[in-house]
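If you're matching positions, the sequence shown starts at 105 in my numbering and goes up one per residue. Beta carbons: idealized from backbone N, C-alpha and C, even for Gly.
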Amino acid sequence: MHDLFKRAKKGDEAAFVSLLEQYQDKIYRIAYTYFRNEQDALDILQEVSFKAYKNIKKIRKPEALSAWLTTVTANHCKNVLRKKSRETMLTNTEGTLSVTQDHDMPLILREVISYLSISEQTVILLTYFEGFTLGEIAQQTNTPIGTVKTRLNRALTKLRKQMRKEGIK
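Here's what the structure looks like:
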């Protein structure tokens, strides 16, 4: 992977494609978690792949690529959801958008998670949706494990508080 990463950073397109193939399933799973729709997840995969191609030179270490892709994917998904939400609100004839009518838990979860900071969202996503250990997250994000634990604890506290506020048990 180190060799592919170095070659991709130097502009070798074949190396970039080979490198990205290792992460396509992960990017797709994250996007699918947000949208629960195959086409939207595939669109996000394509858009994140393009962002990765344009920005690979900014990533210093190959170990950081996985966390970087996770963060970029999550942020891109949130941006797309915000845009879709605004469009839905603009076209909704009643002027309000009911999120909880059909008890769509993934949508509710996305909404509650959106109250967290980016670093807290990343820790939640990597821990509970991607199955990483705190040590792996610390290594991938180049962050002390104590900081990762603190972010996770703060995120869980904020999630519990927000869920109570939203009436979710």
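By the Cβ test, the region 221-239 is in contact with the region 130-139, since at least three Cβ pairs between them sit closer than 8 Å.
With respect to the C-alpha of I131, the residue from T251, D116, L260 and N179 having the closest C-alpha is N179. Assigned with DSSP and collapsed to three states, Q266 falls in helix. The beta-carbon distance between K262 and L220, rounded to whole angstroms, is 6 Å. This is short enough to meet the 8 Å contact definition. Annotated three-state conformation of Y219 is coil, per DSSP. The criterion of a C-beta distance shorter than 8 Å is satisfied by R255 and S223.
When L146, A112 and L185 are compared, the shortest CA-CA separation from Q128 is found for L146.
Secondary structure note for R133: its alpha helix (DSSP H) is the uninterrupted segment Q128 to F139. The beta carbons of V121 and K155 sit about 15 Å from each other, so the pair does not count as a contact at 8 Å. When secondary structure is reduced to three states using DSSP, I272 falls in the coil class, being assigned neither helix nor strand.
Where I241 is concerned, the enclosing alpha helix (DSSP H) starts and stops at L238 to T245. The residues S153 and A156, in chain order, have a CB closer than 7 Å to that of L124 in the same chain once the five nearest residues on each side in sequence are set aside. Taking all protein chains in view, the Cβ of Q225 is crowded by 16 or more other Cβ atoms within 10 Å, so the residue is classified as buried. Nearest in C-alpha terms to A171, of all of E240, G250, A112 and P248, is E240.
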